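Listed in order, the protein sequences are those of chains F and A.
Per the working numbering, residue 265 is the first one in the first sequence, and the count goes up by one each step.
Per the working numbering, residue 32 is the first one in the second sequence, and the count goes up by one each step.
Working notes, structure below.
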Amino acid sequence: MENLGSLAILLAFCLSAFAILAGAIGGWKRNPFLAHAAGRAVYSVWFLLTVAASVLVIGLLTGDFRMAYVAAHSNRSMPLLYKFAAWWGGQEGSLLLWSWLLSCYAAVVVFTNRRRHRSMMPYVVATLMLPQCFFLILNAFVATPFKMLAVGRHVQAVADGQGLNPLLQYPAMAIHPPMLYLGYVGFAVPFAFAIGSLITRQPGDEWIYTTRRWTLVTWMFQTTGIVLGAGWAYAVLGWGGYWGWDPVENASFLPWLSATAFLHSVMMQEKKGMMKVWNMVLVSGTFFLCIFGTFLTRSGVVSSVHAFAQSSIGKWFVGFLAIVIAGTLYLILDRLDYLKTEARLESVISRESSFMFNNLILVAACFAILWGTLFPVISEWATGEKISVGAPFFNRINIPIGLFLLFLTGVGPLFAWRRTSLESLRRNFQWPLLAGIVLAIALFAAGMRHPYALISFGLCLFVAWTIVTEFYKGARAIGAKTGRNLVAGAFELTRRNTRRYGGYIVHLGIVLMFIGFTGSAFNKDSTVEVNRGDSFVIGHYQLKVADLTSGDNDNYSWNRALIDVSKDGKPLGALEPERRFFKASNQGTSEVAIRRRLDEDLYLNFAGMSDDNQRAVIQAYVNPLVSWIWIGFWVVLAGTLVCLVPSKQRLQYARTQVLGVRTNYAPVEK
Amino acid sequence: MRTYWRFAALIVVIVGALVWLAVGGINADKTYYKTVAELQQMGSHALGKRLRVAGDLEPGSIVRSGRQVAFVLRQDQRTIKCVYEGTSPLPDTFKDGAQALADGRMGPNGVFRASQVQAKCASKYESQPGQAHPADIPIRKAGV
């Protein structure tokens, strides 16, 4: 079996190398046979990788403890789900998952474009197979998943494996890595289309349309992956938060930021033929950041400051990145004439300018986070001293950036293309702005003194108001024409222009998430050492320790507290935080108890026993508004899906707006 | 042309503000990584700076007295005395021989005062950078 897996990987490597050559030469010499062969090679790579992945998964599921990877990441007692999830529980399996997902994407791209983009497709295939080939080198020669355990020359199984890291044995964590990888890997597709169009000097915007849809899909996966990770951190790690600017978190956030910038600025190219060079840079940059993110998480180059070992895999990534970046730069510089802009900026207060500032800010955030993440490396290189920066640095710079972005979310979509008149500014923003300011003043009067929180809540209302008004106006216009009610009108409105109104829904979700983020300004926490019968207070809650229990089973030993919660004398039930200590891995985990409500979460963590082993150390947190982050995420997801549904009528509204004519709020049917 | 000047001015203002924030943030939040040997050579230069030092926990050196935990970190032949007085309980892996990372400041008496301590069991912990991050996340209380 394992030989079959290794052979499949080796063959896939050869075929991916062939596909690069066949694609490039087939495109260059316009040889349809070679181009076709490259496409076939892509399907074969997918098939072979599926075989290899199946071999690994079957080994994991059946507990084939002759395989080193299975022995290290699975054991007999784990539930089936986690045996499967062990596929991406370690280095070798993760890299195989990366390869396999990329081959899936590549096969889908080749299939869906088999009759489109004829001149460009061979190059797209070649570009897609470039990272594929690179990752297959890693799979085949550097981190092979099919190493066997042996004593002397005899393959020998161990009795039981070490099992998946207990922190990862959590449902959201089981799907978090594949989601994130679907995002990471998927950005190879827009990159491939960008390179293909550059090489062939693709005329027209059709490839941009394809690219945008792909970017949206991968962006959706990336968003889901990031939020799942945050949700997991919140529910499992027991430090009361969901985001800590850890290098690995940052690595996933960087391509998300640049992809978000691209999703916005690509509209400038579609509608006005502007920012072409910039879009090329963004697409390529996003792809590089994805590779870079994989590199950060896989090589331990930055986390080495608290992880204690490094992996040799890093230099491969650096080499690959250097080659691809150099190639892309050369292509862009060589074809600047093809990327010439077709229009100019006309006014500071215009849709164009709001897109530009949106991009500037997103890229600045990206750069700041990259800088902070790499600061230990940079400072060591520059001064010889290793210096790190932590969460306070990232918060300090990203909170103002976030608020400015939130502001742009409100104003940008309502600015007209080219220039916006004062009259339309007044008409669009008078009431929302007033509402936002009134809310901020009211909150101030009610005793809220946190400046960022006041600004944030004010902006949230402002943006939400503008979005709801957009829906309302459009729905009313349609209702008046067709006799539908407002809800049916809003539905019809969204169907007519899914991209625009889906985008508004995404914006609304982001607003909800910002409400949740802002809640963290009012977090309370306290750590207490308590015995049975003790009481303590946090926020409005009175907590009484009803019982402390402990026990032991084969897998782990545990301490548990039963804590009665009441608010203003009214009992609200009990929470049971638990601490587990896994024997096999010698590792502790928290089973946090959270009382989730829309206004605030009460979060209890059993942190451990006191030093004399008599009292329990309980960490209690009150986290206002956190639930809105998860609600907001579902709204973002729904909005993204709406964007992906084709509009009832596609190009009409784009044309009218290019001419600078403002139509009514609802695009009018012919 | 005037439009472009306006854009340039706005961009300069925004980027300038961000750079200002970033520089301030780095100065307020920087932490130096030092080996035990470097820390001892720094002498009085070490006072007041936020530092992070790693080493093995000297067997038998962990002494608990009330909320204070004293321990000794060893790297090669050099050792440094540390005191931890944080509120969070120490990790379960904080045991004789484990690898530990102390985050804090140097006290005037040559004892390192740690506000955070992370620890890893040296023998059991296989280095898996991909898997490392959940286990690695330090005890902290910073939200977004």
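Positions of the beta carbon are idealized from the N, C-alpha and C atoms, including for glycine.
On a predicted model such as this, the values are computed, not experimentally measured, just so you know.
- Using a Cβ-Cβ cut-off of 9 Å, Ile661/F counts as an interface residue toward chain A, since at least one Cβ of chain A sits closer than that to its own.
- Each of Leu274/F, Met437/F, Leu670/F was checked against the Cα of Ala407/F, and the nearest Cα belongs to Leu274/F.
- Distance from the CA atom of Phe348/F to the CA atom of Ala281/F, rounded to whole angstroms, is 30 Å.
- For the segment 604–619 of chain F, residues whose beta-carbon sits nearer than 8 Å to a beta-carbon of chain A comprise Leu609, Glu610, Ser611, Val612, Ser617.
- Every beta strand (DSSP E) of 3 residues or more that sits fully in the segment 124–155 of chain A is shown, in chain order, as 130–137, 143–151.
- Looking at the backbone, the Cα of Asp811/F and that of Gln99/A are separated by about 27 Å.
- Per DSSP, Trp351/F has no beta bridge partner at all.
- With contacts defined as CB atoms closer than 9 Å, Val582/F and Phe551/F fail to qualify as a contacting pair.
- Counting only the Cα atoms, Ala838/F lies some 26 Å from Asn819/F.
- Contact annotation: Tyr445/F and Gly416/F have beta-carbon atoms that are not nearer than 9 Å.
- Sequence-distant partners of Gly537/F (beyond 5 residues in either direction) whose C-beta falls short of 8 Å from its own C-beta, in its chain, are Thr605, Glu606, Ala607.
- Within chain F, the residues placing a beta-carbon under 7 Å from that of Thr34/A are Leu609, Glu610, Ser611, Val612, ordered along the chain.
- At least one C-beta of chain F is nearer than 9 Å to the C-beta of Pro122/A.
- Of all residues in the segment 638–650 of chain F, the ones placed with a Cβ closer than 9 Å to any Cβ belonging to chain A are Phe639, Pro640, Ser643, Glu644, Glu649, Lys650, in chain order.
- Contact residues of the segment 479–493 of chain F toward chain A are absent (C-beta to C-beta distance below 7 Å).
- The beta-carbon separation of Pro841/F and Phe800/F, rounded to 14 Å, does not stay under the 8 Å limit for a contact.
- When 7 Å is used as the limit between beta carbons, Ile111/A is near no residue of chain F, the shortest such separation being about 17 Å.
- Scanning chain A for C-beta atoms nearer than 7 Å to the C-beta of Thr524/F yields nothing, as the closest lies near 17 Å away.
- Remark: three or more beta-carbon pairs, one from each stretch, lie closer than 8 Å, so the segment 385–396 of chain F and the segment 288–299 of chain F are flagged as touching.
- Nearest Cα to Gly425/F within the set Leu325/F, Lys834/F, Gly743/F, His714/F: Leu325/F.
- For Asp87/A, the enclosing beta strand (DSSP E) starts and ends at 82–88.
- Per DSSP, the unbroken alpha helix (DSSP H) holding Asp60/A starts and ends at 33–60.
- For Val900/F, the nearest beta carbon of chain A is not closer than 9 Å to its own beta carbon.
- CA-CA distance, Ile45/A to Phe778/F, rounds to 21 Å.
- If the five residues before and after Thr853/F are omitted, its C-beta is found closer than 6 Å to the C-beta atoms of Pro430, Leu431, Arg844, all from its own chain and listed in chain order.
- Those residues of the segment 504–522 of chain F placed with their C-beta closer than 7 Å to a C-beta in chain A are Gly504, Gly505, Trp507, Gly508, Asp510, Val512, ordered along the chain.
- Under the three-state reduction of DSSP, Ala407/F is assigned to coil, being neither helix nor strand.
- Trp310/F is positioned such that its CB atom lies closer than 9 Å to that of Ala370/F.
- Looking at Phe399/F, Ser611/F, Leu862/F, the one whose alpha-carbon comes closest to that of Ser891/F is Leu862/F.
- Secondary structure at Ile802/F: strand, using DSSP grouped into helix, strand and coil.
- When only Cα atoms are considered, Ile663/F and Leu678/F end up about 24 Å apart.
- Restricting attention to Leu772/F, Asn795/F, Trp822/F, Phe846/F, the CA atom closest to the CA of Ile893/F is found in Leu772/F.
- The C-beta of Ala317/F comes no closer than 9 Å to any C-beta of chain A.
- Bounds of any alpha helix (DSSP H) do not take in Trp822/F; it lies within the beta strand (DSSP E) bounded by 820–831.
- Taking a Cβ-Cβ threshold of 7 Å, the residues of chain A close to Pro664/F are Leu52, in chain order.
- The beta carbon of Trp729/F is closer than 6 Å to those of Pro696, Ala699 in its chain, skipping five residues each way along the sequence.
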